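Next comes the structure, spelled out in structure tokens:
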């Protein structure tokens, strides 16, 4: 079982949205928060007094291939191979009640509909690089897949995120550069506990970012982002088109700290029922129509042992008042 508690520090990952306007904090009304959201909450699990014998196994592995480390000075075909590199990280964990046979020792077993299964999670991320160390031109492709199935008192919660990301960067000069990103993937969720959390979204994103950086301290970037989201027809068939145009400036100096500011204009065309968990996921926590988001922050070093961070975020939608959120943090290093 779990409950949501308000975080007095304002750093909790969840926010509460009163979908039915009854003033009651229900489990299906808590979502992952955006930076400009106000009150924050944490999820606290409360174990019951019911215990079960479980067999738990876990496997994790990472592999990094970097030919440049050994062939950088070669002049034959290996001179071409040093431009390529690869990083892979894999982890799987499984809990089962099964006490017979060797399956209880196999973390890779995908037992769909297995009544003995308690929980299962896996994640894999692989990035293939070309010209990773080049300051002029580079390409990388990332495949990522995360899956989790967890038990609660009234059933299971299951999530799966799959993405393919292609990223191309090119610097025209030492000051001007562009980054092109294309991502396709899906987000799937099902819950026996919380209503409105069953969906399967397919999405496509295309993003371009133009950067001006005259030196190591100052950088300005302009970005344009188009995203298309579609829910499975059998689960409702909702669609959303998001166009995000943004600007960001950042000033960094090692001896003093960092200052940044950003502004985004986001237009959303959403076809489907609003004011529920699915619409929050498809709209990225915003509203149908035109949205404005902005933010600014300062991080300064106060002597050798103190660091001060000030941040401010805001957003404005067509049918809602502006929301402003500020945060202050002081860190001490010993």
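Residue numbers (our numbering): 1007 to 1340.
Note that the Cβ used here is the ideal one computed from N, Cα and C, for glycine as well.
Fair warning: this is a prediction, and the values are worked out from it, not measured in the lab.
- Message: For residue 1217, tell me which candidate among 1204, 1180, 1190 has the shortest Cα-Cα distance.
- Response: 1180
- Sub-8 Å separation of residue 1114 and residue 1098 beta-carbons: yes
- residue 1156 bridges to which residues according to DSSP? 1163
- Query: Applying the criterion that 16 or more other CB atoms from any shown protein chain within 10 Å of the CB defines a buried residue, is residue 1195 buried or exposed?
  - Reply: buried
- Task: Can you give me the Cβ contacts of residue 1264 inside the same chain, cut-off strictly under 6 Å, excluding the 5 residues immediately before and after it?
- Result: 1258, 1305
- So the alpha helix (DSSP H) residue 1283 belongs to, where does it begin and stop? 1283-1288
- Task: Could you check what DSSP says for residue 1040 in three-state terms: helix, strand or coil?
- Result: coil
- Task: Assess, as a yes-or-no matter, whether the segment 1328-1340 is touched by the segment 1275-1292 under the definition of 3 or more beta carbon pairs within less than 8 Å.
- Result: no
- Message: Spatial neighbours of residue 1252 within its chain, please: C-beta separation below 6 Å, excluding the five flanking residues on both sides.
- Response: 1229, 1270
- Message: Quick check on the DSSP output: what are the complete alpha helix (DSSP H) runs of length 4 or more inside the segment 1183-1250, in order along the chain?
- Response: none
- Message: Rounding to the nearest angstrom, what Cα-Cα distance links residue 1144 and residue 1155 in this structure?
- Response: 37 Å
- Jot down the residue ranges of each uninterrupted beta strand (DSSP E) in the segment 1044-1088, minimum 3 residues, whole runs only, in chain order. 1047-1051, 1061-1071
- Can you tell me which of the three DSSP states residue 1111 falls into? helix
- Message: Spatial neighbours of residue 1092 within its chain, please: C-beta separation below 6 Å, excluding the five flanking residues on both sides.
- Response: 1071, 1134
- Per-residue DSSP class, three states only, for residue 1105: coil
- Query: beta strand (DSSP E) containing residue 1302: first to last residue?
  - Reply: 1295-1308
- Message: Comparing C-alpha positions only, which one of 1187, 1078, 1132, 1245 sits nearest to residue 1139?
- Response: 1078
- Query: Buried or exposed: residue 1011, going by 16 or more other Cβ atoms within 10 Å of its Cβ?
  - Reply: exposed
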